[in-house]
Amino acid sequence: MRSRRARTPFSTTPEAAPRAAAACLRATLAAGLALAACAGGGPPADTDEPPLDRVEAEELIETSIRVENRHWSDVTIYMFQRSARARIGTVTSNSAQTFHVPVGMGADGALDVVLVADAIGSDEAFRTERLSVLPGQEVLLRLEVRLPHSSASVFWP
18 MRSRRARTPF STTPEAAPRA AAACLRATLA AGLALAACAG GGPPADTDEP PLDRVEAEEL
78 IETSIRVENR HWSDVTIYMF QRSARARIGT VTSNSAQTFH VPVGMGADGA LDVVLVADAI
138 GSDEAFRTER LSVLPGQEVL LRLEVRLPHS SASVFWP
């Protein structure tokens, strides 16, 4: 006597697989659209608060970051500020470049940033300590042939 397979609500035949996949996709799409329709965007209409992704203009300053790359490889520069990472740019080997970046001010009038230089095509990287930069000051990042021997300084122009 042959044993009969128990019937399941989902058919396992090859012909039914595309229909089951389409039904699953439709259910997922419907749930996503319902969730998007329920989600609110921005502050309520009766408040005068700006959206959180806009920072007041007086809270932003522009500072110069000069990178002198003496390393044998091109280097990508990243800036960490308030736990957010931003890619500043790339400096080719044996060259120098100045970047002008807007940064938000801290509560004490200074801004705290950490710069990271990541050598392209290598595991080498250089990370500065936290740098406190006052409005009007500039940052100089000197990258040496051996990245761990690099240095950073903050100065008045």
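Our numbering applies: residue 18 is where the sequence shown begins, and numbers increase by one.
Glycine residues also receive a C-beta, built at the ideal position from the N, C-alpha and C atoms.
The beta carbons of Thr-145 and Leu-132 sit closer together than 8 Å.
If you look at Arg-159, you'll find it in the beta strand (DSSP E) that goes 155–160.
Leaving aside the five residues that flank Gln-114 on each side, the residues in its chain whose CB is nearer than 6 Å to its CB run, in chain order, Val-84, Val-108. According to the DSSP assignment, Thr-107 belongs to the beta strand (DSSP E) that extends over 101–108. As the crow flies, the alpha-carbon of Pro-119 is around 4 Å from that of Glu-79.
Phe-143 is classed as buried because its beta carbon has at least 16 other beta carbons within 10 Å across all chains shown. In the structure shown, the three-state DSSP call for Pro-174 is coil. Asn-86 sits buried, since 16 or more C-beta atoms from the chains shown fall within 10 Å of its C-beta.
Taking each of His-88, Ser-110, Leu-157, Asp-91 in turn and checking the Cα distance to Val-130, the smallest one comes out for Leu-157. Cβ contact annotation for Ser-110 (same chain, cutoff 7 Å, sequence separation greater than five): Asn-86, His-88, Trp-89, Ser-90, Asp-91, in chain order.
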